[in-house]
Amino acid sequence: MVVAKISDWTGDVGAEIRNSFGELQVGLPQPEPILSVSQVAPNGFSSMMKASRNILIINEGDTENFTVKKNVYAKPQTIVYIQAKDDASIIKILQDRKMEIRRIYLDADIDFTQSIFRKSKLDDSQFLTLKNLGLSLTIPDKFNKVDDTGEFLWLRNHLTSGIAKSGSNNILVYAVPLVDKTSVADSIVAIRNKIGKKYIPGSKEGMYMITEKAYTPFTFDATIDGKKAYETRGKWEVKDDFMAGPFLNYTIIDEKNNRLVVFEGFTYAPSVGKRAFLFELEAIAKSMKIQ
445 MVVAKISDWT
455 GDVGAEIRNS
465 FGELQVGLPQ
475 PEPILSVSQV
485 APNGFSSMMK
495 ASRNILIINE
505 GDTENFTVKK
515 NVYAKPQTIV
525 YIQAKDDASI
535 IKILQDRKME
545 IRRIYLDADI
555 DFTQSIFRKS
565 KLDDSQFLTL
575 KNLGLSLTIP
585 DKFNKVDDTG
595 EFLWLRNHLT
605 SGIAKSGSNN
615 ILVYAVPLVD
625 KTSVADSIVA
635 IRNKIGKKYI
645 PGSKEGMYMI
655 TEKAYTPFTF
665 DATIDGKKAY
675 ETRGKWEVKD
685 DFMAGPFLNY
695 TIIDEKNNRL
705 VVFEGFTYAP
715 SVGKRAFLFE
725 LEAIAKSMKI
735 Q
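Position one of the sequence shown corresponds to residue 445 (the numbering used here), numbered consecutively onward.
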């Protein structure tokens, strides 16, 4: 929720906000923004609007200021205040701090989502794979076991509402030996293809999950449980079949145990937006604790 004058919103400041925070999320089949952005004028910033979880307040003033406050009008809530003397100065702050502001809001939403999941979490000690790998995760109880070999865990949430009711949200957890720290990022696709062939079958013999060949995944630096990790977003498909969708992979370098710990989430939800499903999987992944 952006609190800004209509003249700012329809002018260069608004254009910068929409460009900065309406950027499309990579790895999704349909175009969906990383953050959904709406605007209200200061005189319309009513008590109902003040209950919004993430708020950006733009002001003009003599002093330049960038402030983050929590739980001012509601809980949980994150408010970013930006003040500067003119449009050009406000735009410069937005440009310089774009990634920081985006991360502030996304991290707040991760915390909020995890707090919801903690209220109805599975007892993860029931899963042999997590026990053997020394891992814990906050997983909501809407997920059910598909496979748990002791080395590989597959959990699935069947989507039951609306047009997505034939789809599912899926979690995979496994580990592979750490061979070379410098080549981890380059090996992620090969590892997931090998796991897909072994554990994720299609509807007929010879069909299995692979990384979509026509779409190159995006890999970013990440941190999970204080450890160096890589976040990879891309698209999966089933070899020789028509099933496909987005995936989110976290490959974590666990030097203490000389291994790579892998959390992957993938979604199958034809004809609907998938950003929210991937975000739930991200929140679960970032709850991981490694012994």
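The C-beta atom is built at its ideal place from N, Cα and C for all residues, glycine as well.
Three-way DSSP call (helix, strand, coil) for residue i in this model
i, result
"Lys700", "helix"
"Glu681", "strand"
"Gly640", "helix"
"Asp669", "coil"
"Asp452", "helix"
"Gln570", "helix"
"Val623", "coil"
"Glu544", "helix"
"Thr695", "strand"
"Asp591", "strand"
"Leu597", "strand"
"Val628", "helix"
"Asn515", "coil"
Cβ-Cβ separation, residue j to residue i (assumed contact under 8 Å), whole Å
i, j, result
"Leu566", "Asp585", "5 Å"
"Lys733", "Asp669", "6 Å"
"Leu603", "Asn614", "Not quite, the Cβ-Cβ distance comes to about 11 Å (not below 8 Å), so this is no contact."
"Ile654", "Glu681", "6 Å"
"Val447", "Phe489", "5 Å"
Selected residue, minimal CA-CA separation from residue i, among the options
i, options, result
"Phe596", "Leu622, Ile537 and Ile644", "Ile644"
"Ser647", "Thr663, Asp684 and Lys657", "Asp684"
"Ile545", "Leu577, Thr582, Lys519 and Ile478", "Ile478"
"Phe587", "Gly594, Gln570, Asn576 and Lys575", "Gln570"
"Glu476", "Ala720, Lys513, Ile537 and Gly458", "Ala720"
"Ile696", "Gln735, Lys718, Leu722 and Ala688", "Gln735"
"Asp452", "Lys730, Glu675 and Ile501", "Ile501"
"Val590", "Ser580, Asn601 and Ile583", "Asn601"
"Ala552", "Leu572, Lys536, Pro473 and Gln521", "Gln521"
"Glu726", "Ile554, Ile632, Met543 and Glu508", "Ile554"
"Val620", "Asn503, Thr507, Tyr652 and Leu577", "Leu577"
"Lys671", "Glu508, Thr711, Asn701 and Ile583", "Asn701"
Exposure label - residue i; buried when at least 16 CB within 10 Å
i, result
"Gly650", "exposed"
"Val470", "exposed"
"Asn463", "exposed"
"Gln483", "buried"
"Val617", "buried"
"Arg562", "exposed"
"Phe707", "buried"
"Asp568", "buried"
"Phe662", "exposed"
"Phe686", "exposed"
"Gly611", "buried"
"Thr557", "buried"
Chain-order list of residues whose beta-carbon lies under 6 Å from that of residue i (same chain, five-residue window excluded)
i, result
"Ile499", "Met445 and Ile523"
Beta-carbon contacts of residue i that lie in its chain and below 8 Å, excluding the five residues immediately before and after
i, result
"Leu538", "Val457, Glu460, Ile461, Ser464, Ile526 and Ile545"
Beta-carbon proximity list for residue i, same chain, < 7 Å, skipping 5 on both sides
i, result
"Thr511", "Tyr525"
"Val628", "Tyr674, Thr695, Ile697 and Leu704"
"Ala518", "Lys494 and Ala495"
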